[in-house]
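> So the sequences go chain by chain: A and B.
Read in order, the letters of the first sequence are residues 4 to 296 in the numbering used here.
Read in order, the letters of the second sequence are residues 16 to 332 in the numbering used here.
We treat Cβ as the ideally placed atom computed from N, Cα and C, and that holds for glycine.
Below is a structure I'd like to ask you about.
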Amino acid sequence: MTSNSLSPGVFQNRSLVRWPAFNLEMVLIYIVLLLVLITTIVPFYWMVTTSLKMDEAIFRMPPDLLPSPATINNYQQVFDLMPMGAALVNSIKIAVIATFGTLLSSSMAAYAFAKIKFRFRNVLFFGFLATMMIPGQVTLIPLYILFSRLGWIDTHLPLMVPFMLINAYGVFLLRQFMMGIPDAYIEAARLDGASHLQIYFRIMMPLCKPALVTLGLFSFLGNWNNFLGPLIFLNTDSNFTVPLIINSFRTAYGTNWGLLMAAACVAIIPPLLLYLLAQRFFVQGVALSGLRG
Amino acid sequence: MSQAKVFKPMGTIEADTPSASVRKRRGLTSEDAWGFFFILPQVIGLVVFVIVPVVFSLYLCFANWDFVKPPEVVGLSNIQSVLADEDFYTAIRNTFVIVLTIVPLTVIISLGLALLTNRNIRGLALFKAGFFLPMVTTSVAIAAVWYWLFAPDFGLINAFLSMFGIQGPGWLADPAWAKAAIVIMISWQSMGYFYILFLAGLKHIPQEYYDAASIDGAERISLFRYVTLPMLSPTLFFVLTTMLIGSFTTFDVAYVLTRGGPVNSTYTIVMYIYDLAFRYFKMGSAAVASWVLFIILFVITLVQFQFSKLWVNYDQQ
């Protein structure tokens, strides 16, 4: 799984300027980059340190750079006052199921659009692309009505089932990737008597691993971070997802900053871990989506 | 895995496949059947969760519905009431102001960073990871942090400004500055994503182009103007399109930071749709507002595609 298999040439280093021993320009560039890096990191730093501070230390001016003394009291309260543990389970369950569903269904459709010559293929593919134009807000209200008819309100189904079954962007991304896999592989397998199902599972899926990992990561994050959906479809505390818990810390308890920051920290740990583990795939995936555009 | 169970019914078709590309009769070939089988889950999703809701949403534009009584067709009155609603115009105006500030600001920052780092930079992986970090984190969580950073009296931003003797504004409490606060946060959050797009686009430009232009005596500015910009135009086009659509439909950040206030100064179209539907239960009017949003996006995308013929250079490689 090299970067080349995703997008050849993108990650080669082609420098415009050779690396000099010392020059003013490079120094200035590093200063700019460091300043931007500090700007991106400071809110996270603030979030983590505040979550570990004692209540009376939180508003100290000028602020303490490090919590002294540090306490995990806020974290305990986050789990005691609100069903944060249940929310973590809910969020993980929703994100994992939606992601596997989306990977299966969109890779199947992508395989058909890329490698099977069937009737109406182009019309149907165009239909998929056209739906990418429609903003989610248009379908939101009818979907709410549909889900309330089905008795799905205040369950996790509205947050999983649609994502499992429709992902035009995923179909598009995977189809583009599969187009790059030579037809000869498939023809050879067909001559050996393999069915499309066998080709799909045994040949295409392993070859598409980089694209599947990328799509899976983005799908997981999208579902984990989803806020509007749970806000509309969920009512009971015990069904809440993590973003809703964070939101309720602001309304139900005024604004207890220590608690809020601890809850926020809990919320970003899973995406952060995922990001650190699979950073390469994120960068590749973003670059890939752009070069197709 | 449970997948095996799902695929069992297709065993009959599997038996047909050896004659793959040969059309046996005038009906469906086995290739057709396989194709339909593979796209079936997504087609069901497309019909149930997109096409039917879109059609129903069109119907709702002309009907009254509050969830309680059955819907009744009311003609154009939803459209009239939305068009007569002052909040609607406030929401549109705010959304346009926010979008038209976010887009240039984010493009300048992310493209600028990409240009700066499109060379041998030690520790580039670290910078990339750092810039992209805000993108992967939960908006609601990180917006809560920014809510505090922006606090007028005890927030970090004003504390920082006061070090230079600057009296910081009221940010989220001040109608004039609340939009700026939202723009800053969204820009901060999405910058890393577009930075990586731009950097990938820049790396794609063959070094020979620069070499050739340099031999002809081109200065840095003209290299940018006549080599970088045209070669980067497809990426720029993609970025602009995604960013415009993304920032028009943004909800999380503004909702957490301001809930639309103060004095409606950050009230956006999506919040307006949300309020109509889920606070006032005017489903018809909410549907109308959502179609207005769709039309705005559609027109902008169309105009962009038309204009793209003038400046986007797809004629490469």
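Is valine 39(A) close to the ligand NAD? I mean its beta-carbon at under 8 angstroms from any heavy atom of the ligand.
The ligand NAD is absent from the structure shown, which contains no ligand whatsoever.
> Answer yes or no: do asparagine 229(A) and leucine 162(A) have a C-beta to C-beta separation smaller than 9 angstroms?
yes
> Figure out for me which residue from Leu131(B), Leu139(B), Gln182(B) and Asn93(B) has the closest Cα to the Cα of phenylalanine 239(B).
Leu131(B)
> Per DSSP, valine 88(B) forms a beta bridge with which residues?
BP columns for valine 88(B) point to Ala78(B).
> Where do the N-terminal and C-terminal ends of the alpha helix (DSSP H) with isoleucine 124(B) fall, by residue?
101-132
> If you reduce the DSSP assignment to three classes, tell me which class lysine 212(A) lands in.
Helix.
> Against chain B, with Cβ distances strictly below 9 angstroms, would cysteine 211(A) count as a contact?
no
> Among Ala281(A), Leu262(A), Tyr278(A) and Leu275(A), which one has its Cα closest to the Cα of methionine 57(A)?
Leu262(A)
> Among Arg294(B), Met206(B), Ile124(B) and Ile236(B), which residue has its Cα nearest to the Cα of methionine 150(B)?
Met206(B)
> When DSSP labels each residue in this structure, what does phenylalanine 52(B) get in the three-state scheme?
helix
> With respect to the alpha helix (DSSP H) encompassing tyrosine 188(A), which residues constitute its N-terminal and C-terminal limits?
186-194
> I'd like to know whether the C-beta atoms of asparagine 328(B) and leucine 214(B) end up nearer to each other than 9 angstroms.
Leucine 214(B) is positioned such that its CB atom lies no closer than 9 angstroms to that of asparagine 328(B).
> Quick check: what's the CA-CA separation for isoleucine 137(A) versus serine 198(A)?
36 angstroms
> Determine, for proline 185(A), whether the minimum Cβ-Cβ distance to residues of chain B falls below 9 angstroms.
Not closer than 9 angstroms to any Cβ of chain B, the Cβ of proline 185(A) fails to qualify, so no.
> Would you check if the distance between the CB atom of valine 268(B) and the CB atom of methionine 200(B) is smaller than 9 angstroms?
In contact: valine 268(B) and methionine 200(B) (Cβ atoms closer than 9 angstroms).
> Looking only at its own chain, which residues have a Cβ that is under 7 angstroms from the Cβ of tyrosine 188(A), when we skip the five neighbours before and after it?
Ile206
> In terms of residue numbering, what span does the alpha helix (DSSP H) encompassing proline 190(B) cover?
190-218
> Quick check on DSSP: helix, strand or coil for valine 278(B)?
coil
> Please identify, using Cβ separations under 7 angstroms, the residues of the stretch 146-172 of chain B that lie next to chain A, in order along the chain.
Within the stretch 146-172 of chain B, the residues whose Cβ lies closer than 7 angstroms to some Cβ of chain A are Phe146, Phe147, Leu148, Pro149, Val151, Thr152, Thr153, Ser154, Val155, Ala156, Ile157, Ala159, Val160, Trp161, Trp163, Leu164, Phe169 and Leu171, listed in chain order.
> Can you tell me which of Leu220(A), Ser241(A), Asp240(A) and Phe285(A) puts its alpha carbon nearest to the alpha carbon of isoleucine 100(A)?
Leu220(A)
> Give me the residue from Val303(B), Leu164(B) and Gly275(B) with the minimum Cα distance to alanine 106(B).
Gly275(B)
> List the residues of chain B that alanine 270(A) touches, going by C-beta distances under 7 angstroms, in chain order.
Thr153 and Ala156
> Please tell me whether serine 237(B) has its Cβ less than 9 angstroms away from any Cβ of chain A.
no
> Rounded to whole angstroms, what is the Cα-Cα separation between alanine 90(A) and alanine 98(A)?
Take the alpha-carbon of alanine 90(A) and the one of alanine 98(A): they are about 12 angstroms apart.
> Runs of 4 residues minimum, wholly inside the stretch 238-281 of chain A: which ones carry the alpha helix (DSSP H) assignment?
Unbroken alpha helix (DSSP H) stretches of 4 residues or longer found wholly inside the stretch 238-281 of chain A: 245-255 and 260-280, given in chain order.
> Count the other CB atoms, across all protein chains shown, that sit within 10 Å of the CB of leucine 215(A); report buried if there are 16 or more and exposed otherwise.
buried
> Could you tell me which uninterrupted alpha helix (DSSP H) segments, each at least 4 residues in length, are contained entirely in the stretch 110-158 of chain A, listed from first to last along the chain?
124-134 and 139-152
> I'd like to check one pair, asparagine 109(B) with tyrosine 295(B): are the Cβ atoms closer than 9 angstroms?
no
> Near proline 72(A), what residues of its chain come up, given a Cβ to Cβ distance below 8 angstroms and the 5 sequence neighbours on each side ignored?
Excluding positions up to five away in sequence, the list reads Met57.
> For the alpha helix (DSSP H) that contains asparagine 170(A), what are its first and last residues?
Where asparagine 170(A) is concerned, there is no enclosing alpha helix (DSSP H), because DSSP gives it neither an H nor an E.
> How many Å lie between serine 251(B) and isoleucine 113(B) at the Cα?
Strictly speaking, residue 251(B) in this sequence is leucine, with serine absent from that position. Approximately 20 angstroms between the Cα atoms of the pair.
> With DSSP collapsed to three states, give me the class of asparagine 173(B).
In this structure, asparagine 173(B) counts as helix in the three-state DSSP scheme.
> Which term fits alanine 191(B), buried or exposed, when burial requires 16 or more other beta carbons within 10 angstroms of its beta carbon?
When all chains shown are included, alanine 191(B) counts as exposed.
> So, is phenylalanine 175(A) buried or exposed, given that buried needs 16 or more other C-beta atoms within 10 angstroms?
Under this definition phenylalanine 175(A) is a buried residue.
> Please work out which residues of its chain come closer than 8 angstroms, Cβ to Cβ, to alanine 281(A), disregarding the five sequence neighbours upstream and downstream, and give them in chain order.
Closer than 8 angstroms at the Cβ level, and outside the excluded window around alanine 281(A), lie Val216 and Leu220.
> Does the beta carbon of leucine 143(A) sit closer than 9 angstroms to a beta carbon anywhere in chain B?
Among the CB atoms of chain B, one or more fall inside 9 angstroms of the CB of leucine 143(A).
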